[in-house]
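Chemist: Residue 1 is where the sequence shown starts when you use the numbering used here, and the numbers rise one by one after that.
Backbone N, C-alpha and C define an ideal beta-carbon position, used for all residues, glycine too.
Handing you a structure now.
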Amino acid sequence: MSRIVTLDEFILRRQKDFPLAKGELTGLLRDIGVAAKIVNREVNKAGLLNILGVADAENASGDVVQKLDLYANDKLIDCLKNSGECCGVASEENEEFIPFPVLESKSAKYVVVFDPLDGSSNIDVNVSVGTIFGIYRRISDPAEPCQLKDFLQKGTELVAAGYVLYGTSTLLVYSTGAGVNGFTLDPTIGEFCLSHRSIKIPDRGNYYSVNQGYYLKFDVEMRRFIDHCSDMNLRLRYIGSMVSDIHRILFQGGIFLYPNTRKYPQGKLRLLYECNPLSFIVEQAGGKAISCQLERILDLEMRELHQKATIAMGSPAMVDDMKAFVERYSPPKS
Ligand code: AHM
Ligand code: MG
């Protein structure tokens with residue numbers, strides 16, 4: 001039997017590969033791992049504790065029942081606030097970013113962005129959901145509270161990113177820009193253990209993942225590409241939880257699409273909290289991530305915290321196919 005490597009041990013080992021690293025990023029990743037365990041505990045007992053349902057409802061003992069996504073949001077903020085390595089966070093659940101008080105002893109160098117529980121429509125029906133996170137080095141003065149510009153950095157500036165998938169088992173997958181590794185939570189010892197080393201996305205796969213219910217609302221070039229996927233007998237898989245869909249594609253290959261529709265002319269998914277961190281992971285695994293207007297996602301300018309983007313990501317050859325369809329079938333620009 002091979003020796004078990006825990007997430008903490010792995011992160012510490014990796015830190016030693018960077019002689020100038022002082023351990024701040026290591027501490028941050030560990031804190032995110034702790035928050036993930038707390039959220040996982042609640043996700044798993046959600047039905048039992050009557051924690052599901054609308055925020056502001058009261059449970060039998062008169063306590064305020066928190067919606068699970070708000071609970072996850074609070075836990076992540078708590079863990080990061082107490083880490084001492086993070087000077088502020090921006091969450092999909094909060095309108096504004098949250099600066100943390102400036103610490104007397106050390107000035108934290110990082111900001112963290114996250115979607116605490118992605119795939120919220122799945123929460124109440126026991127289908128997999130996930131947490132997505134990204135870590136940036138602050139660019140404002142470390143002696144001052146963090147500022148909006150610390151968060152409005154392009155995806156290319158990500159120092160680390162990852163996700164946690166609360167599925168049949170709970171997995172944490174992350175990258176610091178040197179490959180992608182996955183850790184499965186062993187509930188008997190309460191530790192994330194290295195289970196997927198150096199994840200590499202297949203060049204092609206048998207799956208495509210898109211909300212085909214919106215087919216008639218997509219632009220013609222996107223419809224032609226979806227027709228092509230169907231003609232190629234690719235299998236359609238769409239969970240409605242981006243983390244789950246991307247996780248499958250990471251291992252089995254395929255393409256994930258969320259194009260613009262009439263309802264969402266800029267796309268639906270958030271660049272900061274969803275598209276950039278997952279694009280970072282997919283690229284680190286050898287895949288590609290572009291907008292449906294064919295710009296690399298990680299190169300997109302950030303203008304506002306809740307900015308949306310269209311996205312096509314996954315196996316590199318399939319993203320190239322999609323690009324070719326868009327180039328071929330887009331109406332000529334007048
Ligand atoms: P959420 O952050 O409100 O949960 O929305 C994001 C989710 C993604 O996980 C998923 O891919 C998408 O929304 C599904 O949207 P739709 O129901 O329009 O297909
Ligand atoms: Mg989301």
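Hey, how far is the Cα of residue 268 from the Cα of residue 3?
Modeler: Translated into the one-based positions of the sequence shown, residue 268 becomes position 268. Translated into the one-based positions of the sequence shown, residue 3 becomes position 3. Cα to Cα, residue 268 sits roughly 43 angstroms from residue 3.
Chemist: Can you find the residues in the same chain that come closer than 7 angstroms, C-beta to C-beta, to residue 275, ignoring five residues on each side of it along the sequence?
Modeler: Reading the sequence shown from its first residue, position 275 is the one you call residue 275. Around residue 275: 269, 297, 309, 311.
Chemist: With a threshold of 6 angstroms on Cβ separation, who are the neighbours of residue 43 within its own chain once the five nearest residues in sequence on each side are excluded?
Modeler: To locate residue 43, count along the sequence shown from 1; it is residue 43. Correct list, in chain order: 166.
Chemist: Classify residue 133 as helix, strand or coil using the three-state DSSP reduction.
Modeler: Position 133 of the sequence shown, counting from 1, holds the residue named residue 133. In the structure shown, residue 133 sits in a strand (DSSP, three-state: E or B).
Chemist: Skipping 5 residues on each side, what residues in its chain have a beta carbon closer than 7 angstroms to that of residue 224?
Modeler: As a position in the sequence shown, residue 224 is number 224, starting the count at 1. Closer than 7 angstroms at Cβ, skipping near neighbours: 325, 329.
Chemist: Is it the case that the CB of residue 118 approaches a heavy atom of the ligand AHM more closely than 6 angstroms?
Modeler: Residue 118 sits at position 118 when you count from the first residue of the sequence shown. Yes, the ligand AHM has a heavy atom inside 6 angstroms of this Cβ.
Chemist: Taking one C-beta from the region 228-239 and one from the region 287-296 each time, how about it: are there three or more such pairs within less than 8 angstroms?
Modeler: The region 228-239, when compared against the region 287-296, does not touch it at the 8 angstroms Cβ threshold.
Chemist: When burial is assigned at 16 or more other CB atoms within 10 Å of the CB, is residue 333 buried or exposed?
Modeler: Along the sequence shown, one-based indexing puts residue 333 at 333. Its Cβ having fewer than 16 others within 10 Å, residue 333 is exposed.
Chemist: Residue 250 and residue 201: beta carbons closer than 7 angstroms?
Modeler: Within the sequence shown, the letter at position 250 stands for residue 250. Within the sequence shown, the letter at position 201 stands for residue 201. Contact flag set, yes.
Chemist: Measuring alpha carbon to alpha carbon, tell me which of 102, 118, 196 ends up nearest residue 111.
Modeler: By one-based count along the sequence shown, residue 111 stands at place 111. The option with the nearest alpha carbon to residue 111 is 102.
Chemist: Just checking my contact of residue 172 with residue 36 at CB under 8 angstroms: how many whole Å lie between their CB atoms?
Modeler: Indexing the sequence shown from 1 puts residue 172 at position 172. Indexing the sequence shown from 1 puts residue 36 at position 36. 6 angstroms between Cβ atoms; contact.
Chemist: Bridge partners for residue 181 per DSSP, in chain order?
Modeler: Within the sequence shown, numbered from 1, the residue matching residue 181 stands at position 181. Beta-bridge pairing links residue 181 to 174.
Chemist: Give the straight-line distance between the Cα atoms of residue 59 and residue 67, rounded to the nearest whole angstrom.
Modeler: Position 59 of the sequence shown, counted from the start, is the residue given in the question as residue 59. Position 67 of the sequence shown, counted from the start, is the residue given in the question as residue 67. Because the pLDDT of residue 59 is 44, which lies under 50, any placement of that residue in the model is unreliable, and the question is left without a value.
Chemist: Bridge partners for residue 113 per DSSP, in chain order?
Modeler: As a working note, residue 113 is residue 113 in the sequence shown. According to DSSP, residue 113 bridges with 90, 134.
Chemist: Are there any heavy atoms of the ligand MG lying less than 6 angstroms away from the beta-carbon of residue 245, as far as the coordinates show?
Modeler: For the purposes of this step, residue 245 is taken as residue 245 along the sequence shown, with counting starting at 1. No.
Chemist: Can you list, in chain order, the residues of its chain whose CB lies under 6 angstroms from that of residue 262, leaving out five sequence neighbours each side?
Modeler: In the sequence shown, the residue the question calls residue 262 occupies position 262. Correct list, in chain order: 217.
Chemist: Can you say whether residue 13 is buried or exposed, counting buried as having 16 or more other CB atoms within 10 angstroms of its CB?
Modeler: Sequence index remark: in the sequence shown, residue 13 carries index 13 (1-based). Residue 13 comes out exposed.
Chemist: Name the DSSP bridge partner or partners of residue 311?
Modeler: For the purposes of this step, residue 311 is identified with residue 311 of the sequence shown, where counting begins at 1. DSSP output for residue 311 lists 258 as bridge partner(s).
Chemist: Does any heavy atom of the ligand NAD sit closer than 6 angstroms to the C-beta of residue 274?
Modeler: Of the ligands this structure carries, namely the ligand AHM and the ligand MG, none is the ligand NAD.
Chemist: Where do the N-terminal and C-terminal ends of the beta strand (DSSP E) with residue 292 fall, by residue?
Modeler: Residue numbering aside, residue 292 sits at position 292 when the sequence shown is read from its first letter. Premise fails: residue 292 is in no beta strand (DSSP E) and is neither H nor E.
Chemist: Which stretch, first to last residue, makes up the alpha helix (DSSP H) that contains residue 225?
Modeler: Locating residue 225 in the sequence shown gives position 225, where the first residue counts as 1. Run containing residue 225: 220-231, per the alpha helix (DSSP H) assignment.
Chemist: Apart from the five residues on each side of it in sequence, which residues of its chain come closer than 7 angstroms, Cβ to Cβ, to residue 11?
Modeler: Mapped onto the sequence shown, residue 11 falls at position 11. These residues qualify, in order along the chain: 26, 29, 30.
Chemist: Should residue 211 be counted as a contact of the ligand AHM given a C-beta to heavy atom distance under 6 angstroms?
Modeler: As a working note, residue 211 is residue 211 in the sequence shown. Flag set: Cβ of residue 211 near the ligand AHM.
Chemist: Quick check on residue 131: buried or exposed, where buried means 16 or more other Cβ atoms within 10 Å of its Cβ?
Modeler: For this step, residue 131 is matched to residue 131 along the sequence shown. So residue 131 ends up on the buried side.
Chemist: Can the beta-carbon of residue 273 be found less than 7 angstroms from the beta-carbon of residue 115?
Modeler: The residue you call residue 273 lines up with position 273 of the sequence shown. The residue you call residue 115 lines up with position 115 of the sequence shown. Yes.
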